[in-house]
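Q: Numbers given in our numbering equal positions in the sequence shown, counted from 1, plus 5.
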Amino acid sequence: MNRKFLIVGFIAAVALAATMTSSGYGTRTVQDCGGGLTASTSFNAKGSIGDSVGGSSGSTSFLVYSGALRHTEQPPESAVVVESVSKGALTTKEVSVIRWHSKINGNYYIELGGNGAPGSGVLISSGVCSANVPIETDIYEAEIPDNQRHQIFIIVDTGSGYYYASVVLFDDQIPPNISIQKITVKGSVDDATVTQVIVNGVSVPIVSGKYEAEVSTALSEIVIEATNSKGQTVKRTIRLW
Numbered sequence: 006m007n008r009k010f011l012i013v014g015f016i017a018a019v020a021l022a023a024t025m026t027s028s029g030y031g032t033r034t035v036q037d038c039g040g041g042l043t044a045s046t047s048f049n050a051k052g053s054i055g056d057s058v059g060g061s062s063g064s065t066s067f068l069v070y071s072g073a074l075r076h077t078e079q080p081p082e083s084a085v086v087v088e089s090v091s092k093g094a095l096t097t098k099e100v101s102v103i104r105w106h107s108k109i110n111g112n113y114y115i116e117l118g119g120n121g122a123p124g125s126g127v128l129i130s131s132g133v134c135s136a137n138v139p140i141e142t143d144i145y146e147a148e149i150p151d152n153q154r155h156q157i158f159i160i161v162d163t164g165s166g167y168y169y170a171s172v173v174l175f176d177d178q179i180p181p182n183i184s185i186q187k188i189t190v191k192g193s194v195d196d197a198t199v200t201q202v203i204v205n206g207v208s209v210p211i212v213s214g215k216y217e218a219e220v221s222t223a224l225s226e227i228v229i230e231a232t233n234s235k236g237q238t239v240k241r242t243i244r245l246w
């Protein structure tokens, strides 16, 4: 049985919840090295201190989600659908890729600000779209004002009417200053013969296939280990910086 199978078989999922002291709005990068298979994952974090950028500070608790941060606002039954946003917060020279499609044919306009009506905002780009064909639009940090919250409208004009969806992006020139106060590691184990996992050297019991451990000391990585009845061991290392 190879190590890749063990990772999937033993430790099915790992979630992190953290209490951090945060300044500004930004991204915490986590590298997940599972059993020798290296995969980098960006964990984007938004605290409860609000949508402020560029110097807002305070102590905040939040969940850490895997994948791209996505802020979308679109009317019900809109003909414009935002599929994904690669980055929700941009610093100098960064770019966010918005993937979207229209359910109808028309001319499209990407505008900064406004109210969703064609020409109500500052035009970033335009073109022609076909129904249900995905389009990727690049929004460069240089195209939006510094240290502000911005609403980007994707507008499709059919000639007889228009439809829109919008995405909220943040331009944050001040890097986040994040210090970890506490991390809660939660996960599940598929192999019923695994009775405990080791998190940073501490044994953690498994209850109904799930485990939970709290790490309150300053650290740069979390090491999770599990061994089944056959003596097969899987190790997962999560590095934080």
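The beta-carbon is built from N, C-alpha and C at its ideal position, and this holds for glycine as well.
When the distance is taken between beta carbons, is D176 closer than 8 Å to P210?
A: No, the pair does not count as a contact, with Cβ atoms beyond the cut-off.
Q: Counting C-beta neighbours from all protein chains within 10 Å, is the total for E146 16 or more, i.e. buried, or is it exposed?
A: The residue in question, E146, is buried, as its Cβ has 16 or more Cβ neighbours within 10 Å.
Q: Among the residues of its own chain, which have a CB less than 6 Å from the CB of M6, if the five just before and after it don't count?
A: Only weak support is given to the placement of M6: the predicted model assigns it a pLDDT of 36, under 50, and the value that follows is read from those uncertain coordinates. Excluding sequence neighbours, M6 sits near nothing in its chain.
Q: Which residue's Cα is closest to the Cα of S234: Q153, S213, A197?
A: Measuring from the Cα of S234, the nearest candidate turns out to be A197.
Q: Keeping to the same chain, check which residues put their C-beta closer than 7 Å to that of G126; ignore five residues upstream and five downstream.
A: For G126, where only same-chain residues beyond five positions count, the Cβ hits under 7 Å are E116, L117, G118, G119, F158.
Q: Rounded to whole angstroms, what's the CA-CA distance from I140 to S107? Just pull it up for me.
A: So the alpha carbons of these two residues sit roughly 9 Å apart.
Q: Measure the Cβ-Cβ separation of E217 and T189 and say whether it is below 8 Å.
A: Their beta carbons are under 8 Å apart, which means E217 touches T189 by this criterion.
Q: DSSP state of E217, grouped into three classes?
A: Strand at E217.
Q: So what does DSSP say about A94, is it helix, strand or coil?
A: Correct three-state label for A94: strand.
Q: Which term fits V102, buried or exposed, when burial requires 16 or more other beta carbons within 10 angstroms of its beta carbon?
A: Exposed.
Q: With distances taken Cα to Cα, identify the nearest neighbour of T96 among E230, K240, R154, T242.
A: Of E230, K240, R154, T242, the residue nearest in Cα terms is R154.
Q: Assuming the contact rule is C-beta atoms closer than 8 Å, A170 and V90 should be a hit. Round their C-beta distance to whole Å, please.
A: That belief does not hold up - the Cβ atoms of A170 and V90 are roughly 11 Å apart, past 8 Å.
Q: To the nearest angstrom, report how far apart K191 and G93 are at their CA atoms.
A: In a straight line, the C-alpha of K191 is about 25 Å away from that of G93.
Q: Determine the extent of the beta strand (DSSP E) in which I163 is found, giving its start and end residues.
A: Position check: residue 163 holds Thr in this sequence, whereas Ile was assumed. Taken as a continuous stretch (DSSP letters only), T163 belongs to no beta strand (DSSP E), as it is neither H nor E.
Q: Could you tell me which residues DSSP puts in a beta bridge with A231?
A: Beta-bridge pairing links A231 to V202, V239.
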